[in-house]
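In order, the protein sequence lines correspond to chains H and S.
For the first sequence, the numbering used here gives the first residue as 588, with consecutive numbering after it.
For the second sequence, the numbering used here gives the first residue as 2, with consecutive numbering after it.
Note sheet for the following structure.
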Amino acid sequence: ELKVEQNPLFLSMQEGKNYTIYCNYSTTSDRLYWYRQDPGKSLESLFVLLSNGAVKQEGRLMASLDTKARLSTLHITAAVHDLSATYFCAGTNTGANSKLTFGKGITLSVRP
Amino acid sequence: NAGVTQTPKFQVLKTGQSMTLQCAQDMNHNSMYWYRQDPGMGLRLIYYSASEGTTDKGEVPNGYNVSRLNKREFSLRLESAAPSQTSVYFCASSPTEINEQFFGPGTRLTVL
Chain H
588 ELKVEQNPLF
598 LSMQEGKNYT
608 IYCNYSTTSD
618 RLYWYRQDPG
628 KSLESLFVLL
638 SNGAVKQEGR
648 LMASLDTKAR
658 LSTLHITAAV
668 HDLSATYFCA
678 GTNTGANSKL
688 TFGKGITLSV
698 RP
Chain S
2 NAGVTQTPKF
12 QVLKTGQSMT
22 LQCAQDMNHN
32 SMYWYRQDPG
42 MGLRLIYYSA
52 SEGTTDKGEV
62 PNGYNVSRLN
72 KREFSLRLES
82 AAPSQTSVYF
92 CASSPTEINE
102 QFFGPGTRLT
112 VL
């Protein structure tokens, strides 16, 4: 059974600095997803990573996938307040009836 | 396109009452899902429907039933609500099981 771990659960970031958050998973996962959730809101899809070495970038966020290490990273460049939110990663089991397994999420707070 | 819609947005129930949460999608997706989100727990899959006419249990199905009414609609029923079912419920859909999921706005349910 796939398990997805995100650490830490909360991260306070200083505006303008760079940070990396991590998503580890326990068994082979076909693909890796990153979602963002603002307080009281729904989940918004950020990235879909389909293969080993995949890298996707959107604005100040860059996500990558290393399937051999079972690790995905989300790199934040020059943090700004608008990036304050909770970020979830999710993986899928291989094979039939695959479904998403979510990590518990990392809440990022950007301070001036 | 409205995407994924859920009704109601908020609901307060007394222990033992029943209710049905409604979900509809207009993206012609095959797969639909029900999750619950509790503080510090991430999202946990309750039930899912890989395609019209099929439903399967997820991680936390006890106390819930689902109906895939047609391709667009997937409802979640609480037959006898318990305080432990106080949560935020999200419906999601995806083109197939292995694709990115799109989430509805959520239903905030309180059981007294």
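For each residue, glycine too, the CB sits at the ideal point set by N, CA and C.
Local conformation of residue i per DSSP, three classes
i, result
"Gln18 (chain S)", "coil"
"His30 (chain S)", "coil"
"Ser659 (chain H)", "strand"
"Ser85 (chain S)", "helix"
"Asp625 (chain H)", "coil"
"Leu79 (chain S)", "strand"
"Leu695 (chain H)", "strand"
"Ile670 (chain H)", "Position check: residue 670 (chain H) holds Leu in this sequence, whereas Ile was assumed. Note: Leu670 (chain H) maps to helix in three-state DSSP."
"Lys10 (chain S)", "coil"
"Met42 (chain S)", "coil"
"Glu592 (chain H)", "strand"
"Val67 (chain S)", "strand"
"Val61 (chain S)", "coil"
"Asn2 (chain S)", "coil"
"Arg109 (chain S)", "strand"
"Lys643 (chain H)", "strand"
"Ala677 (chain H)", "strand"
"Ala650 (chain H)", "strand"
"Glu101 (chain S)", "coil"
"Ser616 (chain H)", "strand"
Closest Cα partner of residue i within the set the options
i, options, result
"Gln102 (chain S)", "H:Tyr622, H:Arg657 and H:Gln644", "H:Tyr622"
"Lys628 (chain H)", "S:Leu113, S:Ile99, S:Leu110 and S:Val89", "S:Val89"
"Cys610 (chain H)", "H:His662, H:Ala666, H:Ala656 and H:Glu592", "H:Glu592"
"Lys10 (chain S)", "S:Ser19, S:Gly105 and S:Glu80", "S:Gly105"
"Gln624 (chain H)", "H:Ile693, H:Ala665, H:Leu636 and H:Thr614", "H:Ile693"
"Asp669 (chain H)", "H:Asn639, H:Arg618, H:Pro626 and H:Thr660", "H:Pro626"
"Gly107 (chain S)", "S:Asp57, S:Thr87 and S:Asn66", "S:Thr87"
"Val667 (chain H)", "H:Leu589, H:Tyr606 and H:Pro595", "H:Tyr606"
"Ser94 (chain S)", "H:Leu598, H:Phe634, H:Leu630 and H:Ser696", "H:Leu630"
"Ala3 (chain S)", "S:Trp35, S:Arg73, S:Asn66 and S:Val13", "S:Arg73"
"Arg37 (chain S)", "H:Leu596, H:Glu602 and H:Thr688", "H:Thr688"
"Ser613 (chain H)", "H:Leu619, H:Glu588, H:Leu695 and H:Ile663", "H:Glu588"
"Gly678 (chain H)", "H:Arg647, H:Thr615 and H:Glu645", "H:Thr615"
Expected contact under 8 Å - CB spacing of residue i and residue j to nearest Å
i, j, result
"Phe75 (chain S)", "Met33 (chain S)", "4 Å"
"Thr97 (chain S)", "Asn31 (chain S)", "5 Å"
"Leu652 (chain H)", "Leu636 (chain H)", "4 Å"
"Ala83 (chain S)", "Thr6 (chain S)", "Not confirmed; about 26 Å, so no contact."
"Gly603 (chain H)", "Ala665 (chain H)", "5 Å"
"Ser696 (chain H)", "Ser599 (chain H)", "5 Å"
Same chain only: Cβ atoms within 8 Å of residue i, ignoring 5 sequence neighbours per side
i, result
"Asn71 (chain S)", "Glu53"
"Ser19 (chain S)", "Arg78, Leu79, Glu80, Ser81 and Ala82"
Beta-carbon contacts of residue i that lie in its chain and below 6 Å, excluding the five residues immediately before and after
i, result
"Val642 (chain H)", "Ser651"
"Ile608 (chain H)", "Leu661 and Ile693"
"Phe634 (chain H)", "Trp621, Lys643 and Ala650"
"Lys590 (chain H)", "Ser613"
Close beta carbons around residue i, own chain, < 7 Å, minus the five adjacent residues each side
i, result
"Val112 (chain S)", "Leu14, Thr16, Ala82, Ala83, Pro84, Gln86 and Thr87"
"Leu654 (chain H)", "According to the sequence as given, residue 654 (chain H) is Thr; it is not Leu. Only Asn639 meet the Cβ criterion."
"Pro595 (chain H)", "Ile693"
Beta-carbon neighbours of residue i, restricted to chain C and to distances below 9 Å
i, result
"Val697 (chain H)", "Within the model displayed, chain C is absent; protein chains H and S are what it includes."
Could you tell me whether the stretch 43–56 of chain S touches the stretch 22–29 of chain S, using the rule of 3 or more Cβ pairs below 8 Å? The stretch 43–56 of chain S vs the stretch 22–29 of chain S: no contact.
Are there three or more Cβ pairs, one per stretch, closer than 8 Å when the stretch 664–676 of chain H is compared with the stretch 58–76 of chain S? no
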